[in-house]
Amino acid sequence: MKWHWEKISHRHFSANSGEVGFFRHSLPFVAAWAIGALLLLAIGWTTFMNSLNSERAAVEETALHEAETLADAYAERLYRSVQAIDQMTLFVKHGWETAGTSFRLESITKPGNPTTSAGFHISVIDRHGFLLSSTLIHPIAANASGQPYFTVHLRPGPDYLYIGGPHPGTFMNQTVIQFSRKLVTADGTFNGVVVVGVEPAYFITQFDEGISGKSKLIAILGVDKKVRIARIGERIFDAATQPISNELPLDSPSGRSTLPGEPWFSDARDRYAAWRTIEGYNMITFAGIDQQEIFGPYWIRHHNDLWYASIATALFLALSFLAMLAFARLSWRKHQFDAIQATYRAATEGGQEGFYIARPIEDASGETTDFKFIDCNERGASILKYRKEELIGKSIRSVYHGEAAKGTLHLLKHAMSTRHFSGEVKVRAGDPSGLSWLYVTVARPDGDLAVTLRDISDTKTHVTELERLTNEDTLTGLPNRHWLYNFLPGALESAAHGKHLLGLLFVDLDGFKSVNDTMGHEAGDELLRNAGRRLKEAIRPHDYVIRIGGDEFVVVIENMTHKSDASHVAERIILSFHEAFRLTKGLHSVGTSIGISVFPEDGQDADSLLKNADMAMYWVKTTGKRNYRFFDTHISEAVQSKHEIESELRHAIVHDQFIIHYQPRVDLASGEVSSMEALVRWAHPTKGLVEPASFIALAEETGLIIQIGEQVIDKVCAQLAFWSHTGQRLVPISINISPKQFHEVNMADTLVAALARYQVPASLIELELTESTMMGNSLEISEMLSRLQAMGVTLLVDDFGTGYSSLSQLQELDFDVLKVDKAFTARLEQTPAGKVFFSAIITMAHSLGMRVVAEGVETLEQIQSLKALRCDEIQGFYISKPLAPSTRQPNISDIAVHHRF
């Protein structure tokens, strides 16, 4: 024991040491990867931000240049306007000083003359401030001697053009900018002024060059830096409402600058500004470009670029992280493989599997042409009939020959490209092993291949035989229903892909029952075998005949181009049955009733096509027999009857019309009742007691089986609780669970609730599941069955041999009991094959740890045969018919058949 713990401790320490060593070795690479990714990200973001800053600087430079251009253009326009006004004052000054009072301004007052238009007026004022002449039509009586444009010229000095600020006009009710020059007499004495009054808007409304933005600003300032007039977009401001809050910091005659909204502009918007001084007139033009407007497109691009850059960064980081993980994972896998490769001999030398390492051999072009054994275990060498030292170093072509060499090389090349292969391989001629089947696993952890071979010849032979028995009708040798349901999905998919029609002929033998009843089962079986052969002779070579049960056959017709192809086959079948059958017990004539459904017109799946073909066959049966008919909508009138039954079923569920009868199951060894099967009956108010065969199929189809099943579980638990009060030892009750109920309802929860409600132990409940219930998600089915078994519930496979189960399914799902369908029980005494098949089922079930129950036992001879075959339990009319519930649970003495054993 001490050595054992030391061995485990050493192994644990070695594993941990291996992991630590791996991570210590890989950490620098991972760190370098992460640092490299971060450096690349930093470089990318630095470049990106520099690009954004450069673009911002370019936008600012463009804005300042635009402001300069605007200020220059406005200055030039303003200069020309003021110069024109100055010329006008000089003209009037010269005229007045030359002509005296005979020079009258009123004489030039004409409509349309710019000097007399609204907002533009010329006046002559004498030295006392009174108006002498004017272009004003209705001047106001006033004196101008106190006005700045008058008093400024009283001072001695040279004549010059005075430009005032916006002020109310002296002789009119309007704000104007006054332009004035003084008048003098011949001896140079002050003699008055000539003044031009211009509305401020005149200087700004006519300038539209570059004023396209809503917040672009232009303004006229005096040399005192006070605003004369301003305009923002289409809005014009005067001195009283002007948008410039404070004296602008214009520290040079001309220049440009970036001015914040606070404190310079009343709208608080930052602007790129430029200004120009008009030489000779003491005026300054000012232009401001709104920062928000000029940067609007830039900020949109900036936001989008940042968004895309952030997404790219996230993707880059994610990809870098994934790449780092992938690198670490690959490194770890290689580390693991190295460890496995170093220790594989210890795990394989004593096993039954052959293990090999094969290295590819390449030609000059790099193409793999062969493989060489570079290592193997003793078992692997013995499989190929070599000693280990002889096999190592040999090539595939030198060990394998013929088809085996081609197949082996093809498999290994495929595994080289896909890195993995596992599956069953049929051994070809030229294989040195001499086996028939191998299970091959190939892995490619690096450049070499790790190959494992396991001999499965015996298992495959056994499974193949079981599969043949599962897919073949034992009486006729034809494919059976199980084969049909496996075949049809692929055939329908192929037909849909190739855009072909596929026909199903549902064939029922007319008159078979009479032969079977009057001449016996042997004659019936002989007739069925002959009918199967005759059907195969009547169809096309590539069509299929399937016996699905009783006297019913299905013919599958593929690659049809017209529906008439199916009718031709049906006619040949009907014609072939015109001749009587020569049986051992004489001549017997039977006909055929054939229903036809065609894919895709009559159904998209196997069930729909079979159902519709069956419905069409039934129509033929009820309208004269010995004919055929295609399915059509008129045939579905029978569906109305189904609807009526469905409605009655719903009523029966609501009004609790279902009762339970119980059929005993007897242990062949002890002769005692071992269990009872719960069989539902419908207590119909008008039809009496209705057998389940009349409504269970419809209940399953409509989903009502779920509610009926829940009522059955509830009634069984209630009955067990009632019987428990008698004090007798109770045997379990088995309940049939439909596939729909099992797959759509949580059976464990349903049972737990019912058992708790009636205080019944789970060991008294058995669940019977048909083979079709096992079709579907095997993992979910297995989990549910495991949960039920953990509760103590016994699980039975019901009607085995009529459904779809396989050996692998039975082994995987771990049932407790297997109930063999009554059809196989009936054939026990009919043919030797019947006993052989039943024996195979019992052997298989016992090997899987399952008890076997024979259903439909009706004769003592059957019981004797079943005892000889080591069948565990029996059930059938020979023991007892289903019994109505009584005050106590029936035992073997109650059913009075113990003497028959």
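In this text, residue positions in the sequence shown follow the numbering used here: the first is 365, and each later residue adds one.
Glycine included, every Cβ here is placed at the ideal spot set by N, Cα and C.
- Boundaries of the beta strand (DSSP E) harbouring ALA814: 813-819, taken from the DSSP string.
- Measuring C-alpha to C-alpha distances from PHE994 to each of SER466, LEU974, GLU424, HIS1007 identifies LEU974 as the nearest.
- CA-to-CA, the gap between GLU1008 and GLY988 works out to about 26 angstroms.
- Unbroken alpha helix (DSSP H) runs of no fewer than 4 residues, entirely contained in the stretch 1055-1101, are found at 1060-1066, 1069-1088, following chain order.
- Excluding its 5 nearest sequence neighbours in each direction, GLY1220 has C-beta neighbours in its own chain below 7 angstroms: LYS1186, THR1189, ALA1190, GLY1240, listed in chain order.
- By the C-beta density criterion, THR453 is buried, having at least 16 other C-beta atoms within 10 angstroms.
- For the pair of segments examined, the stretch 870-883 was found to touch the stretch 945-964: the number of CB pairs separated by less than 8 angstroms reaches three.
- Between the stretch 824-832 and the stretch 886-899 there are fewer than three C-beta pairs closer than 8 angstroms, too few to call the two in contact.
- Runs of alpha helix (DSSP H) with 4 or more residues, each lying fully within the stretch 1193-1264, are found at 1196-1211, 1224-1232, 1256-1259, listed in chain order.
- Taking C-beta atoms as the reference points, TYR438 and ILE653 fail to come closer than 7 angstroms.
- Nearest in C-alpha terms to GLU430, of all of GLN1228, THR622, LEU681, is THR622.
- The shortest C-alpha to C-alpha distance from LEU670 to any of ALA463, THR411, GLN1123, ASP819 is the one to THR411.
- Of the candidates ASP588, VAL804, PRO624, TRP409, TRP409 places its Cα closest to the Cα of ALA676.
- Taking a 10 Å sphere around the C-beta of PHE685, we find fewer than 16 other C-beta atoms and assign the residue as exposed.
- LYS1231 counts as exposed, since fewer than 16 other C-beta atoms from the protein chains shown sit within 10 angstroms of its C-beta.
- Around PHE1106, the same chain offers THR1137 as residues with beta carbons nearer than 6 angstroms, after the five sequence neighbours per side are excluded.
- Separation of the CB atoms of SER544 and VAL562 is rounded to 12 angstroms, and the pair is thereby denied contact status at 8 angstroms.
- Under the rule that a run must span 3 or more residues, the beta strand (DSSP E) segments found entirely inside the stretch 620-693 read 635-642, 647-654.
- With a 10 Å radius around the Cβ and a threshold of 16 neighbouring Cβ atoms, GLN1092 comes out exposed.
- When only Cα atoms are considered, TYR982 and GLY959 end up about 7 angstroms apart.
- In the DSSP assignment, LEU868 forms a beta bridge with VAL920, SER961.
- Around PRO905, the same chain offers no residue with a beta carbon nearer than 8 angstroms, after the five sequence neighbours per side are excluded.
- For PHE543, the enclosing beta strand (DSSP E) begins and ends at 539-548.
- In this structure, ILE1077 lies away from ALA1063, with their beta-carbon atoms at least 7 angstroms apart.
- Separation of TRP1046 and VAL1116 (C-alpha to C-alpha, rounded to the nearest whole angstrom) is 26 angstroms.
- Leaving aside the five residues that flank LEU1233 on each side, the residues in its chain whose CB is nearer than 8 angstroms to its CB run, in chain order, LYS1199, PHE1202, SER1203, ILE1206.
- For ARG911, the enclosing beta strand (DSSP E) has its first and last residue at 908-913.
- When only Cα atoms are considered, ALA779 and ALA745 end up about 21 angstroms apart.
- By the C-beta criterion, the stretch 515-530 is judged not to be in contact with the stretch 460-471, since fewer than 3 inter-stretch pairs fall below 8 angstroms.
- Within the same chain, LEU428, ALA431, GLU432, ALA637, ALA638 come within 7 angstroms of ARG620 by CB-CB distance, once the 5 residues on both sides are set aside.
- No Cβ-Cβ contact shorter than 7 angstroms links GLU717 with ARG808.
- Approximately 17 angstroms separates the beta-carbon atoms of ARG751 and LYS736; this is outside 8 angstroms, ruling out the contact.
- Using a Cβ distance threshold of 7 angstroms, ALA1126 and VAL1080 do not count as a contacting pair.
- Fully contained in the stretch 774-829 are the following beta strand (DSSP E) runs of length 3 or more, in chain order: 784-790, 801-807, 813-819.
- Listed in chain order, the non-local C-beta contacts of TRP1087 below 7 angstroms within the same chain comprise LEU1094, ARG1252, GLN1253, local neighbours out to five positions each way being set aside.
- The continuous alpha helix (DSSP H) containing MET979 extends over residues 970-986.
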